[in-house]
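Chemist: Numbering (the working numbering), first residue to last: 221 to 435. Positions of the beta carbon are idealized from the N, C-alpha and C atoms, including for glycine.
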């Protein structure tokens, strides 16, 4: 059997090259896989942070809506000073929200939220415009009771035995046959006939004096 000198060394060199190339490929593949995984993780983290910030913004807007509803249900009306305070608070909150979000949210994604804030401001402005004028109470008004009216009417004068009498009828019964007579000193339904002056009968009722001219 003939042995070829130097053949073992030549066979070892290709094996080392193959092993080296395989090792480099494995390392490169691992680096690429790790890079892709890290990119996906960064993207997911950024989306999660953005969702968290949007949720916080929605919570702020919901709080503003609750404050507006509470203000509407209060019996006291919104004054101009209160409206300015609420408006400045809303503007400050909106500025802080925009500053906190920074470059993570686009203008298009903030547009609906800006619209909701503007609607709340418009409702607050409308509430401030309908503040009613203060009610002025009337003080020291003299109470004037309505003058009492006798429940009868004078229909004429009569002479009986040289004495003058006053003929009366129930009020509202012009054609009523019920006719009564009064002479000075007599009363009818709380009305006392004090005297008859010419054709004028003078009545008195609880301090009220009434003069009636007989027809």
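What residue range does the beta strand (DSSP E) around residue 425 cover?
Modeler: As a working mapping, residue 425 is identified with position 205 in the chain shown. Where residue 425 is concerned, the enclosing beta strand (DSSP E) stretches over 420-425.
Chemist: Is the CB-CB distance between residue 425 and residue 410 below 7 Å?
Modeler: Locating residue 425 in the chain shown gives position 205, counting from the first residue. Locating residue 410 in the chain shown gives position 190, counting from the first residue. Their beta carbons are under 7 Å apart, which means residue 425 touches residue 410 by this criterion.
Chemist: Taking all protein chains shown into account, do 16 or more other C-beta atoms lie within 10 angstroms of the C-beta of residue 296, making it buried, or fewer, making it exposed?
Modeler: Residue 296 sits at position 76 when you count from the first residue of the chain shown. Low confidence applies to residue 296: its pLDDT is 49, below 50, so where it sits in the model is not reliable, and the reading given next is rough at best. Of the other Cβ atoms in all chains shown, fewer than 16 fall within 10 Å of the Cβ of residue 296; this residue is therefore exposed.
Chemist: Is it the case that the segment 364-376 contacts the segment 330-346, given that we only count it when at least three CB pairs across the two stretches are under 8 Å?
Modeler: Contact between the segment 330-346 and the segment 364-376 is absent: fewer than three C-beta pairs spanning the two stretches fall below 8 Å.
Chemist: Report yes if the CB atom of residue 387 is closer than 7 Å to the CB atom of residue 399, and no otherwise.
Modeler: For the purposes of this step, residue 387 is taken as residue 167 along the chain shown, with counting starting at 1. For the purposes of this step, residue 399 is taken as residue 179 along the chain shown, with counting starting at 1. A contact, by the Cβ cut-off of 7 Å.
Chemist: What's the gap between the Cα of residue 272 and the Cα of residue 279?
Modeler: Here residue 272 corresponds to residue number 52 of the chain shown, with the count starting at 1. Here residue 279 corresponds to residue number 59 of the chain shown, with the count starting at 1. Straight-line spacing of the CA atoms in residue 272 and residue 279 works out to 11 Å.
Chemist: Check this for me: beta carbons of residue 281 and residue 316, under 7 Å apart or not?
Modeler: Taking the chain shown and counting its residues from 1, the one referred to as residue 281 is at position 61. Taking the chain shown and counting its residues from 1, the one referred to as residue 316 is at position 96. No, the Cβ-Cβ distance between residue 281 and residue 316 is not below 7 Å.
Chemist: Taking its Cβ as the centre, do 16 or more other Cβ atoms sit within 10 Å of residue 421, making it buried, or is it exposed?
Modeler: As a working note, residue 421 is residue 201 in the chain shown. Buried is the call here.
Chemist: Is the separation between the beta-carbon of residue 385 and that of residue 369 shorter than 7 Å?
Modeler: Numbered from 1 along the chain shown, position 165 holds the residue referred to as residue 385. Numbered from 1 along the chain shown, position 149 holds the residue referred to as residue 369. Result no, Cβ atoms of residue 385 and residue 369 do not sit closer than 7 Å.
Chemist: Expressed to the nearest angstrom, what Euclidean distance is found between the alpha-carbon atoms of residue 334 and residue 300?
Modeler: Position 114 of the chain shown, counting from 1, holds the residue named residue 334. Position 80 of the chain shown, counting from 1, holds the residue named residue 300. Their backbone Cα atoms lie some 23 Å apart in a straight line.
Chemist: Thinking C-alpha only, which one of 412, 391, 383 and 380 is nearest residue 371?
Modeler: As a first step, residue 371 is located in the chain shown; it is residue number 151 there, counting from the start. Out of 412, 391, 383 and 380, 391 has the C-alpha closest to the C-alpha of residue 371.
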